Structure formats: structure tokens, C-alpha cells
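**Q** If you scroll down you'll find the structure; I have some questions about it.
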Amino acid sequence: MSCTVLRAVRGQLLVQCLWALLVSLIYILLPRAPPMPALPHSLLGGVLSVLLGFRTNQSYNRFWEGRILWGKVSDLCRSLARTVLAYLDGSVGTYEAVLRHLKAFPITLKQHVRGERDLAELRNTLSWVEINELSTSDNMPLSVCTSLSMTANEVKNDRRQSSAALLWWTIDDH
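Each residue of the sequence shown is one higher than the last, beginning at 20 in the numbering used here.
Right, here's the structure in full:
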């Protein structure tokens, strides 16, 4: 069973199959009962179909809202990366630190939303020191944002940065 959906529903599927077998055996072995009117089943089927339609629609709306929010996160990270590359007059280390954290944020957010915690996925993005700092954090996306804010604050306080105010304003605006 390599299918995750089948693995998740196999218990219910087994119970339903056993129930169907029991009903079939009762139908075959016991004498026939008087026929029931079909109207209650028809009415109940209509109500259940409307309910199922509402549930499906709500599920799709949640999925679509998640896609929109994830797109905003991606756009914001790209926008901040462009701003940093365009306006930061600092060292290469500062560039790399900001870009590493901007690259790590969506990864940590994805893991946080899914309830996962895989620091190996950040191996090609963050330094070992930064990964060790994240390993002690309960909320990795928040830790990445905090590190990014501390780096931005260093840029803001650095008097050599001619574009520091613009960079800080752009990051603070988001």
C-alpha cells in the first residue's frame, strides 16, 4: 500500500466492506421484509447532496485562499530580495545573510504549516550556525523573520549605508 489516501482510509474501508457483507448475508438468509417507501431515501439523498456540495465548496475556498496567501509570501520575498540587491550598499556578507534568510523563510513556513521539521532541507540555504540556532526554536518562520529583522536593523544603524533609510522603510512596510 504505497498510496497515502488508501493507507489513511483502510480501517474505514474494511469496516464498510464487512458491514456490506453482513447486510448482504442478512438479505440472502432472512425472509423478505415488507417494502419500504422510497420517498424518505429520496429526500435524504437530496439533503445530503446539498450538504456535500457546501462542504466541497468550503474546502475549495480554503485551498484557494491558501494559494493566494502563499503567492503573496513568494512575491514579498522576491520583492524584498530585489530591494536589498538594488539599495544595499553593504558588504557581500550582509547581502548573503539577507538573501539566505529570504530564501529560508518560505521553506520554514511550509514546514511549519505542514507540521514538519526537517532542518536538512535548509542545509543548502543557511549556514550551520544559523541552522543550529533554528534547531532550538519552536517557531522556525518567526526565528527566520527575527534574524532578518536583526540584519535589517544593523543596516539601518550603519551610517555608511546611503540607502539604509529606503531599505528599512521598504522592509518595515511589509
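We put the beta carbon where it would ideally sit given N, CA and C, even for glycine.
All figures in this text were calculated on a predicted structure; none of them were measured in a lab.
So, helix, strand or coil for A139, using DSSP?
**A** Here A139 sits in helix by DSSP.
**Q** Measuring only the C-alpha atoms, how far is F82 from T75?
**A** For F82 and T75, the distance between alpha carbons rounds to 11 Å.
**Q** Applying the 10 Å Cβ sphere with the 16-neighbour rule, what's the burial state of A171?
**A** Counting Cβ neighbours within 10 Å, A171 comes out buried, since at least 16 surround it.
**Q** Quick check: what's the CA-CA separation for A123 versus Q31?
**A** Whole-angstrom Cα-Cα distance: 39 Å.
**Q** Three-state secondary structure (DSSP) at N158?
**A** Coil, per DSSP.
**Q** Considering P59, what are the terminal residues of the alpha helix (DSSP H) in which it resides?
**A** Here the alpha helix (DSSP H) through P59 covers 58-106.
**Q** Where does G30 sit, in a helix, a strand or coil, going by DSSP?
**A** Helix, per DSSP.
**Q** Please classify M20 as buried or exposed, where buried requires at least 16 other C-beta atoms within 10 Å of its C-beta.
**A** Unreliable positioning characterises M20 in this predicted model, as indicated by a pLDDT of 48, which lies under 50. A coordinate reading is not provided.
**Q** DSSP three-state call for M55: helix, strand or coil?
**A** M55 falls in the coil class under three-state DSSP.
**Q** Which stretch, first to last residue, makes up the alpha helix (DSSP H) that contains T127?
**A** Counting along the chain, the alpha helix (DSSP H) containing T127 begins and ends at 111-133.
**Q** Keeping to the same chain, check which residues put their C-beta closer than 6 Å to that of S162; ignore five residues upstream and five downstream.
**A** Only L153, S156 meet the Cβ criterion.
**Q** State yes or no: is the beta carbon of R86 nearer than 7 Å to at least one beta carbon in chain B?
**A** The structure shown contains no chain B, having only a single protein chain.
**Q** What would DSSP say about C164, mapped onto helix, strand or coil?
**A** Three-state result, C164: helix.
**Q** Do you know offhand how far N176's Cα is from N151's?
**A** If I take the Cα positions, the gap works out to 27 Å.
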